[in-house]
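Residue numbers (my numbering): 2 to 364. Have a look at the structure below before the remarks.
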Amino acid sequence: MRHLSVPSQQTEAWLLRCRREGWLADTGVARLEDGRRGIPLNSNAPPEDDAVWGDFPCVDIEPNAKGPTHWRERLPPSLQALDEAIWPSAYEIQGDVLMVKVEGEAATHEQAMADAMLAQLPNTRLICADEGVEGDFRVRNLRVLASRDGSTTTRTTVKEHGSIMWVDPGEVYFSARLSTQRQETHQHIKSFREQLGKPLVLADPYAGVGPSLPLLINDEGLLSGYIVGDLNPVAVDLLRMNLDAWTRGKDATFSPAITVCQDARTWKSAPENRGQADVLLVNLPHDSFEHLSDLFPLFNRTNPSLLRGWAIVERASLPQRKQHLQELVRDAGGRPSDTFVEEVKGFSSTRCFVVFQTVIAWD
Ligand SMILES: C[S@@+](CC[C@H](N)C(=O)[O-])C[C@H]1O[C@@H](n2cnc3c(N)ncnc32)[C@H](O)[C@@H]1O
2 MRHLSVPSQQ
12 TEAWLLRCRR
22 EGWLADTGVA
32 RLEDGRRGIP
42 LNSNAPPEDD
52 AVWGDFPCVD
62 IEPNAKGPTH
72 WRERLPPSLQ
82 ALDEAIWPSA
92 YEIQGDVLMV
102 KVEGEAATHE
112 QAMADAMLAQ
122 LPNTRLICAD
132 EGVEGDFRVR
142 NLRVLASRDG
152 STTTRTTVKE
162 HGSIMWVDPG
172 EVYFSARLST
182 QRQETHQHIK
192 SFREQLGKPL
202 VLADPYAGVG
212 PSLPLLINDE
222 GLLSGYIVGD
232 LNPVAVDLLR
242 MNLDAWTRGK
252 DATFSPAITV
262 CQDARTWKSA
272 PENRGQADVL
282 LVNLPHDSFE
292 HLSDLFPLFN
302 RTNPSLLRGW
312 AIVERASLPQ
322 RKQHLQELVR
332 DAGGRPSDTF
342 VEEVKGFSST
352 RCFVVFQTVI
362 AWD
């Protein structure tokens with residue numbers, strides 16, 4: 002197969018030019034002797050004696066076995082010739098589902114783009130256009146662009162801290178980005194368990210598919226029970242499937258072991274939910290602070306409690322947030338200590354994403 006032989010420092014420039022002209026074949030750059038590189042050429046490329054190649058020779062070698070290193074190299078030559086900047090520079094993968102924001106000129110060629118992505122990424126099954134987050138359930142609006150096997154379900158599995166977890170990015174919120182937060186949650190709950198000297202009951206009323214749980218369940222003796230749930234029925238279906246798998250075969254039994262599909266603010270009305278939790282997670286970032294007063298009745302007030310949550314707040318309001326949290330705890334009849342409200346790195350704008358936490362003593 003014909004390759005243009007160029008010095009390695011000129012590889013990028015010639016790749017760019019050949020892509021733009023529609024001369025690039027999709028087999029990827031080959032390594033040649035003396036540190037030179039072979040740019041793979043397709044049948045549209047001018048003959049080897051054309052002046053366009055300058056002094057650079059063409060060589061006939063086997064195509065690179067590794068193939069293209071980027072999905073753009075799988076596009077038809079006419080599209081490879083377009084300005085690279087029109088194509089999305091990032092995408093997100095959950096399990097075998099790839100989600101990509103398609104904007105501007107790329108939208109005209111979204112089908113070819115999706116086909117190129119499927120060809121380049123063998124572990125993906127479904128390519129979806131991500132049209133943004135909608136509604137109270139914070140679910141993405143996904144539009145299927147291409148499927149490897151004809152299936153169009155967005156239900157899939159991911160691995161989170163060593164455990165397999167069912168997710169469905171088209172039906173339920175889940176963010177892999179918060180994985181570090183989940184590790185920190187585990188560490189804080191561990192220290193609190195040491196402080197209390199007994200296994201803990203966890204309440205996670207905005208649990209989604211349950212990503213906070215595998216680390217806690219796998220840490221033997223950390224939890225004695227849980228009350229978890231979500232308002233989104235699909236989330237609760239997946240949460241139940243996940244909990245079944247995560248607790249199957251464990252020596253420990255959990256009591257209570259309750260999954261609820263209801264508005265978290267109404268959980269307090271059920272006697273089996275009230276006065277149970279040693280630890281409460283509040284993960285409804287747009288409304289966490291507003292919901293808190295309805296959640297305090299879930300705490301077991303015979304011993305101290307740990308409250309940990311996440312919120313999106315105006316950056317300007319950050320300095321007052323700690324005091325606000327302490328006031329909410331006092332209004333509920335508790336005494337707050339070790340309280341913090343901290344910005345989580347990696348989010349920025351006029352608003353910020355914060356983690357808040359407090360230990361509550363009850364009189
Ligand atoms: C930001 S997500 C967090 C999900 C999960 N904890 C995670 O980290 O992936 C918030 C969740 O709260 C649920 N939700 C929204 N309003 C709710 C309410 N009033 N009561 C209970 N759950 C609610 C949504 O369906 C969503 O799954």
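A virtual CB, placed ideally from N, CA and C, is assigned to each residue, including glycine. Being a predicted model, the structure only gives us computed values, none of them experimental.
- Item | Heavy atom of ligand 1 within 6 Å of P212 beta-carbon | yes
- Applying the criterion that 16 or more other CB atoms from any shown protein chain within 10 Å of the CB defines a buried residue, is S9 buried or exposed? exposed
- When we look at the beta-carbon of A130 and count the other beta-carbons within 10 Å, is it buried (16 or more) or exposed? buried
- Task: Give every residue of the same chain whose Cβ lies closer than 8 Å to the Cβ of L197, excluding the five residues on either side of it in the sequence, and list them in chain order.
- Result: D279, N304, P305
- Go ahead and label S350 buried or exposed: buried means 16 or more other beta carbons lie within 10 angstroms of its beta carbon, across all protein chains shown. exposed
- ligand 1 heavy atom lying under 6 Å from the CB of D169: no
- Item | Residue nearest to S176 in terms of C-alpha spacing, selected from Q324, P78, I94, P58 | I94
- Task: Just tell me which of N243, H189, T153, V101 has its CA closest to the CA of W88.
- Result: V101
- Message: Considering just the uninterrupted stretch of the beta strand (DSSP E) at L308, what are its terminal residues?
- Response: 306–315
- Query: What do you reckon, is the C-beta of L308 under 6 Å from a heavy atom of ligand 3?
  - Reply: Although ligand 3 was asked about, the structure shown includes only ligand 1 as ligands.
- Contacting residues, own chain, Cβ-Cβ under 7 Å from R352 (five flanking each side not counted): I313, V314, E315, R316
- Item | Of the listed residues L179, L282, E106, D231, nearest to F381 (C-alpha basis) | The structure shown does not extend to residue 381, since the chain is modelled only from 2 to 364, so the question has no answer here.
- Item | Nearest candidate by alpha-carbon position, reference T125, set P170, V202, L99 | L99
- Item | Simplified DSSP state of V345, which is helix, strand or coil | coil
- Item | Through-space distance from E328 to R336, alpha-carbon basis | 9 Å
- Task: Determine contact between the segment 172–188 and the segment 233–246, defined as no fewer than three beta-carbon pairs at a distance below 8 Å.
- Result: yes
- Measure the Cβ-Cβ separation of A113 and L80 and say whether it is below 7 Å. yes
- Environment of L17 [buried if 16+ CB atoms lie within 10 Å]: exposed
- Query: How many Å lie between Q211 and L240 at the Cα?
  - Reply: For the record, residue 211 in the displayed sequence is Gly; it is not Gln. Between G211 and L240, the C-alpha separation is close to 6 Å.
- Message: Classify I40: buried if its beta carbon has 16 or more other beta carbons within 10 angstroms, exposed otherwise.
- Response: buried
- Query: Under the criterion of a Cβ to heavy atom distance below 6 Å, does A208 qualify as lining ligand 1?
  - Reply: yes
- Message: Just verifying my parser: in three-state terms, what is the DSSP assignment at L83?
- Response: coil
- Query: Under three-state DSSP, which class holds R249?
  - Reply: coil
- Item | Beta-bridge partners of Y227, as assigned by DSSP | L203, A258
- Query: In terms of residues, what are the limits of the alpha helix (DSSP H) holding K160?
  - Reply: That residue, K160, is in no alpha helix (DSSP H); its beta strand (DSSP E) goes 157–161.
- Query: I think A265 touches Y207, with their Cβ atoms under 8 Å apart; what is that distance to the nearest whole Å?
  - Reply: 6 Å
- Message: Which same chain residues end up closer than 6 Å to R149 when comparing Cβ atoms and leaving out the 5 residues on each side of it in sequence?
- Response: L119, R126
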